[in-house]
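Working notes, structure below.
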Ligand code: HEM
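Chains as they are written, first to last, in this note's numbering: chain C, 1 to 281; chain Y, 1001 to 1463.
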């Protein structure tokens, strides 16, 4: 299939973008930075084309469904969401500095899709439970939320590295000196979560609406549902922690990282380690 | 304030109930407990548990409610505590929020400093002369202001997005609404199953706990069930055609699919499973060994079927869905004139057995037409609309909280001799950088206005 080949090439391009952002970071060269941004947009464009082409291929196979329904497709889409949100953010905050901490996520997830054994890139027709428009709304909102959380996790790591240097009383030198100030990082963590949290919420709601149509129950505490609720609790915790003195800053950054661990577990762990209704995605 | 004074148990209880620290603790406990709920299988049978746990572990888990955790008293108590916490916290904060609904039309000098003053301008003339132009500019570039005319200074105040301050209350209210909706469902609703065989009807459903519930004044019958498969063998579509009858009178006929339920009188029917209840008809090839001729005919289960052109007849008396692991089989009762009746088995997947059986006719099964049953999930949940309303309120709350902000702008016109000083200040309760731009635009609009204001640079500005 052509689309799967496109995804493989896009994977290598994301690796190149990641390396470029790291180099931009290390050498502080404005030209490298521009190059990184440019290549990332081109990669995103090709990535979009790969997804659309897979959609076309599903029609050629006589199946005709949006490419959002199995592990492979969702990973490819997840990576796309991360790259898109990151690039939009880069434009908005006019800083490339978090690219080195966001692009690796886009690369890792698409690399996992195209390289991990046991993840099939076949286009299978949809089983009856998946034949619902709620599916699309559910997958798109969940993964936009997850992507925002991935970026927030990247920024949280930067925050923790920077504050650690500071706490050790070291002079700001070397590469952490290049990081944005702590307050800006803290603000970015908050802003990404302020995007991710409503998205995750809408993702859970659309999932509930879908379950209600398919099984007559909007909530049945199956492991995937419960884990998405746990993730939701963790980010609610983050939002409230900021209003208390003792939980602000470093602890909040930790909560954001734990939140992303919960996202990853909701996404992979539940499928591999726990049984439930969602085992198909 | 008076609440915080030490008045024994009550105020401190109130303080704890309305504290964010309790929220944080509850969210952590709820998360950790839910993790246990996903690791320990819920609502499984004792045998299943005993395969995984020792008997003492099993008993302890059962007593602690970990085997049906999300309905255990302590879990519900945690949720109730979260609700109380939410209500208490919202009540406590609401007064502070309410303050913003009676706006401060003018700032005193201290506030003036904290609200980051923007540009300053001067113009010859009295404030009253300047007022219409400035009011017009502010209306155009931001929002229509309210004016306090008091000598020696005139104040203009304009605001936008005040409702975003209520967003958090909407979000918190929605949590209560959603939980309330789920309570309504658990008190006034039910969830059950019913299996209906094609051509039959049902007027009650079986709940999880084994209880039977009658459908209120109607029954439902399965006209037909069908299943289709993809070439890969994966199921493509399950479909049941259902008819609802009330007092024997047909009310409606509709087909249901997965993701496409039928709702009648608040009760919904969902396609959830299917199976084979028996066989209706079998298509057979019967070969006459003497003449070598072969005929194809269809036999109804249990009926006597004659073999064309002969005096023999047979009936299919029993269906065995899986005979000794060799697949579907039928018992045939065969009679010929002047012969004792014979009974034998024929297997669909093993025609070679038939070859070996002595006798004039050889029976081969070509096709089995099964009679299906359809497994329906039947639910009634009068609270579901409350839950959706809650979800809607929550999304509206998010919009107000995260995408809107309460922005306020003040302009002060101070009379200084023959001149008037014009200063502007502004504040936004979130998205400060976004507001910064908007604020600068207001300054720009004043600068560009045809009134011909002269900008005062910071160094020469007055306090
Ligand atoms: C699981 C349920 C809850 C959810 C989803 C939730 C959601 C939120 C959200 C999204 C915000 C806005 C945060 C921000 O502006 O950055 C917020 C703020 C807040 N929440 Fe909650 N919350 C929940 C439970 C609670 C509880 C139980 C309390 C009880 C004390 C509480 C108290 C507050 C307070 C005091 C604020 C700050 C309001 C402000 O001054 O802006 N929340 N909540």
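By construction, the Cβ of each residue, glycine as well, lies at the ideal position given by its N, Cα and C atoms.
Tell me, please, whether the CB atom of residue i is closer than 7 Å to any CB atom in chain Y?
| i | result |
| --- | --- |
| residue 67 (chain C) | no |
| residue 181 (chain C) | no |
| residue 267 (chain C) | no |
| residue 138 (chain C) | no |
| residue 278 (chain C) | Caution is warranted here: a pLDDT of 44 is assigned to residue 278 (chain C), below 50, making its placement in the model unreliable, and the coordinate value is therefore given only provisionally. It does not: the Cβ of residue 278 (chain C) has no partner Cβ on chain Y nearer than 7 Å. |
| residue 47 (chain C) | no |
| residue 185 (chain C) | no |
| residue 237 (chain C) | yes |
| residue 226 (chain C) | yes |
| residue 131 (chain C) | yes |
| residue 340 (chain C) | The shown model of chain C, from 1 to 281, leaves out residue 340 (chain C), and the question about it has no answer. |
| residue 244 (chain C) | yes |
| residue 253 (chain C) | no |
| residue 233 (chain C) | yes |
| residue 194 (chain C) | yes |
| residue 271 (chain C) | no |
| residue 189 (chain C) | no |
Round the Cβ separation of residue i and residue j to the nearest angstrom and send it over; I've been treating them as touching at under 8 Å.
| i | j | result |
| --- | --- | --- |
| residue 1119 (chain Y) | residue 1424 (chain Y) | 6 Å |
| residue 50 (chain C) | residue 6 (chain C) | 4 Å |
| residue 1348 (chain Y) | residue 1365 (chain Y) | 4 Å |
| residue 1275 (chain Y) | residue 1375 (chain Y) | 7 Å |
| residue 252 (chain C) | residue 238 (chain C) | 6 Å |
| residue 1393 (chain Y) | residue 1164 (chain Y) | About 15 Å; that fails the 8 Å criterion. |
| residue 1361 (chain Y) | residue 1293 (chain Y) | No, residue 1361 (chain Y) and residue 1293 (chain Y) are not in contact; Cβ-Cβ is about 10 Å, not under 8 Å. |
Using beta carbons (cut-off 7 Å, strictly below), is residue i in contact with chain C?
| i | result |
| --- | --- |
| residue 1218 (chain Y) | no |
| residue 1254 (chain Y) | no |
| residue 1227 (chain Y) | no |
| residue 1237 (chain Y) | yes |
| residue 1023 (chain Y) | yes |
| residue 1259 (chain Y) | yes |
| residue 1274 (chain Y) | no |
| residue 1230 (chain Y) | yes |
| residue 1031 (chain Y) | yes |
| residue 1018 (chain Y) | no |
| residue 1234 (chain Y) | yes |
Measuring only from the beta carbon, is residue i closer than 6 Å to any heavy atom that is part of the ligand HEM?
| i | result |
| --- | --- |
| residue 212 (chain C) | no |
| residue 1401 (chain Y) | yes |
| residue 204 (chain C) | no |
| residue 1171 (chain Y) | yes |
| residue 1137 (chain Y) | no |
| residue 1168 (chain Y) | yes |
| residue 243 (chain C) | yes |
| residue 1089 (chain Y) | yes |
| residue 1085 (chain Y) | yes |
| residue 236 (chain C) | yes |
| residue 328 (chain C) | Because chain C is modelled from 1 through 281, residue 328 (chain C) falls outside the range shown and cannot be assessed. |
| residue 1023 (chain Y) | yes |
| residue 200 (chain C) | no |
| residue 229 (chain C) | no |
| residue 1194 (chain Y) | no |
| residue 1175 (chain Y) | yes |
| residue 1020 (chain Y) | yes |
| residue 1017 (chain Y) | no |
| residue 1320 (chain Y) | no |
| residue 1156 (chain Y) | no |
**OP:** Note down, one range per segment and in chain order, each alpha helix (DSSP H) of at least 4 residues found wholly within the region 222–274 of chain C.
**Re:** 223–241, 250–264 and 270–273
**OP:** Let me know the beta strand (DSSP E) ranges lying completely inside the region 138–173 of chain C, each 3 residues or longer, listed in chain order.
**Re:** none
**OP:** Can you give me, in chain order, the residues of the region 1365–1378 of chain Y that have a beta carbon less than 9 Å from any beta carbon in chain C?
**Re:** 1377 and 1378
Subject >> Near-chain C residues of the region 1069–1085 of chain Y - C-beta to any C-beta below 7 Å >> reply: 1070
Original post:
Unbroken alpha helix (DSSP H) runs of length 4 or more, entirely within the region 1423–1451 of chain Y: which are they?
Top reply: 1432–1448
Subject >> Inside the region 1053–1101 of chain Y only - beta strand (DSSP E) runs reaching at least 3 residues >> reply: none
**OP:** Could you please tell me which residues of the region 1034–1047 of chain Y, in chain order, have their CB closer than 7 Å to any CB of chain C?
**Re:** 1034, 1035, 1037, 1038 and 1042
Subject >> Interface residues of the region 1180–1202 of chain Y facing chain C [CB-CB below 8 Å] >> reply: 1182 and 1191
Original post:
Which ranges does the beta strand (DSSP E) cover as unbroken runs of at least 3 residues, wholly within the region 1202–1247 of chain Y, from first to last along the chain?
Top reply: 1204–1207, 1212–1214, 1219–1229 and 1235–1246
Original post:
Any residues in the region 1161–1177 of chain Y with a beta carbon nearer than 7 Å to a beta carbon of chain C? Which ones, in chain order?
Top reply: none
Subject >> Ranges of the beta strand (DSSP E) found wholly within the region 1141–1196 of chain Y, counting only runs of at least 3 >> reply: 1146–1150 and 1153–1160
Subject >> Residues within the region 85–116 of chain C neighbouring chain Y, beta-carbon criterion of under 8 Å >> reply: none
Subject >> Interface positions of the region 1381–1405 of chain Y facing chain C (Cβ-Cβ less than 7 Å), listed along the chain >> reply: 1384, 1387, 1391, 1394, 1395, 1398 and 1402
**OP:** Identify every run of the beta strand (DSSP E) within the region 1361–1420 of chain Y, keeping only runs that are complete inside it and at least 3 residues long; order them along the chain.
**Re:** 1361–1380 and 1407–1416
Subject >> Uninterrupted beta strand (DSSP E) stretches inside the region 1291–1336 of chain Y (no shorter than 3 residues) >> reply: 1294–1300, 1313–1320 and 1329–1335
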